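When you read off a place in the sequence shown, starting at 1, and then add 4, the result is the number in my numbering.
First comes the structure, then the notes that go with it.
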Amino acid sequence: PLIQHGLEATRGGRGPRALEMAAGLAAAGIANAYEGALKFVGNPELISRTHFARFLVESGACVDTYEVFRKYLTEGKPGYVPHRWASLKDAVAWITQTGGIAVIAHPGRYKFTANEEYALFSEFKAHGGRAVEVITGSHTVAEYTEYADVAREFGLAASRGSDFHCPVESRTDLGTLPNLPKDLTPVWELLADRIQ
């Protein structure tokens, strides 16, 4: 299927990116970051900034993963290397062709202008996107309202998720986020015929 080929291409960029990240960290005085990050990876094809962050905390270079990202792994910092993602059109096509529901996750994190965000949701909907994450651990209370309004405006279903990874790395604990607004269709209802 197309999604398999697309994911392979996306994953294929992670290894070279990780080596570039390690070189940037080495230039900043942090040696062996690639090897250190590999200790935290179940599948080396999926190596990411999170694995480097865990290594930097373990090695004592930073107190926590928040400090790692602030000092080393965000744009303009020594270990930051952008990742080449699939186009929106391709990603939505891969998901829908396999029977999935395409959802824009944590849109508040993308830092788009109002016009850019409107263009994103317009394009997403035009390509067959069907839902937006309204409630998430990385959104503010004001953003819950903003993205509920986006769901209404574009006729999208809504999702919610904590973005929970583990207790010391996550912005919120499991089960602590509010419910979706009652007038929005939860994305899982679009899958009701497949969920037993």
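By construction, the Cβ of each residue, glycine as well, lies at the ideal position given by its N, Cα and C atoms.
These numbers were taken from a predicted model, which means no experiment stands behind them.
- Query: Under three-state DSSP, which class holds S163?
  - Reply: strand
- Three or more C-beta pairs closer than 8 Å, one from the segment 95 to 107 and one from the segment 129 to 145: is that the case here? yes
- Message: Buried or exposed for P111, going by 16 or more other Cβ atoms inside 10 Å?
- Response: buried
- List the whole-angstrom C-beta distance separating A161 from A152, where the pair is believed to meet the contact cut-off of C-beta under 8 Å. 12 Å between Cβ atoms; not a contact.
- Task: Give the DSSP-derived three-state secondary structure of V85 in the structure shown.
- Result: coil
- Item | Rounded straight-line distance, which links the Cα of W89 to that of A196 | 30 Å
- Three-way DSSP call (helix, strand, coil) for E193 in this model: helix
- Task: Can you have a look at L60 and say buried or exposed, based on whether 16 or more other CB atoms are within 10 angstroms of its CB?
- Result: buried
- Query: Which of the three DSSP states, helix, strand or coil, is assigned to T140?
  - Reply: strand
- Query: Once you ignore the five residues that flank I108 on each side, which residues in its own chain have a CB closer than 7 Å to its CB?
  - Reply: F128, G133, V136 and E137
- Query: To the nearest angstrom, how far is it from the Cα of H9 to the Cα of T140?
  - Reply: Their backbone Cα atoms lie some 29 Å apart in a straight line.
- Would you tell me roughly how many angstroms separate the C-alpha atoms of G159 and I105, rounded to the nearest one? 14 Å
- Cα-Cα separation, Y84 to N47: The alpha-carbon separation between Y84 and N47 amounts to approximately 21 Å.
- Going by beta carbon distance, what residues of the same chain come within less than 8 Å of K75, once the five residues before and after it are set aside? C66 and K81
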